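Asker: In the working numbering, the protein residues as written are -19 to 194.
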Amino acid sequence: MGQQIADRLEHRGDDVCIVEEGEQRVALLNAEGYQVRHGDGTDLSVLRASDIDRADIVIAATGDDDTNLLTTQLVKTKFDVETILARVNDPSNEEPFEELGIQTISRSIATARLIDGYIESPALTRWTEGLGREGDLQEVPVTNDALVGNTIAEIDSELPERCFVIVVGAEGGAHFPDLDEVVDAGQHLTLLGDRDGVRKGMELLDPEPGRTTV
């Protein structure tokens, strides 16, 4: 799963470092062009060596919940990382992550939701699957000074073809855009479109994205 996540993050322009304990796996990932740090993700020295101090996001995506819990706990208590995510293999193990304030992703729950989606809304589910293969949906902060103070309509006119702003803001403050709404520095916009268009749109809005460690 870590490699798949890294693929998507690198495609959108993030600087990704994979921490991997298995020597053969490290050699394979290096041969395929990934940036890899050999070591145990629960080891503070390994995390520091992977430049975690510069990371905006840390994702613990191993197949072992105890390892993911320890890794995220270390990151939460020892480093100043904005976003921490954890893969949870057994849904019954979610509680300790939630107690730490760690956002969890459960494959079994995601699969159940996908199946339910096929039953309730087959056309919509097929469309979203197609989006995953050919399109993209990404949230990005506006750090380009030339765009700060512009309206959504003005920013839309600067974006590549087949790339649109569909949400303004993040988390509890997210809302559908008003074309006359003025965008502030650091405000988050969610882009929808084909992969290349969204990637170029992200580069336009956030020319120097932060580093991401997986």
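Cβ coordinates follow ideal geometry from the N, Cα and C atoms, glycine included. Note that the coordinates shown come from a computational prediction; the quantities given were computed from them, not determined experimentally.
Have a look at the DSSP bridge pairing and note the partners of residue 86.
Answerer: 68
Asker: What is the C-beta distance between residue 169 and residue 122, in whole angstroms, given that I count them as a contact (C-beta under 8 Å)?
Answerer: 6 Å
Asker: Going by DSSP, which residues form a beta bridge with residue 117?
Answerer: 172
Asker: Kindly indicate the opening and closing residues of the beta strand (DSSP E) around residue 17.
Answerer: 16 to 18
Asker: Where DSSP assigns a beta bridge to residue 155, which residues make up the other side?
Answerer: 148
Asker: Could you give the distance in angstroms between the alpha-carbon of residue -1 and the alpha-carbon of residue 61?
Answerer: 16 Å
Asker: Just reading off the beta strand (DSSP E) that residue 160 is part of, what are its end residues?
Answerer: Counting along the chain, residue 160 falls outside any beta strand (DSSP E), and DSSP gives it neither H nor E.
Asker: Using the rule of at least 16 other Cβ atoms within 10 Å of the residue's Cβ for burial, across every protein chain shown, is residue 227 buried or exposed?
Answerer: It is not possible to answer for residue 227, since the shown part of the chain is limited to -19 through 194.
Asker: Measuring only the C-alpha atoms, how far is residue 84 from residue 75?
Answerer: 10 Å
Asker: By the 10 Å Cβ neighbour count, where 16 or more other Cβ atoms means buried, how is residue 159 classified, buried or exposed?
Answerer: Its Cβ having fewer than 16 others within 10 Å, residue 159 is exposed.
Asker: CA-CA distance, residue 11 and residue 174?
Answerer: Computed Cα separation, rounded: 29 Å.
Asker: Quick one: what does DSSP say residue 75 is sitting in, helix, strand or coil?
Answerer: helix
Asker: I'd like the list of long-range same chain contacts for residue 183, defined as Cβ closer than 7 Å, with 5 residues on each side in sequence excluded.
Answerer: -7
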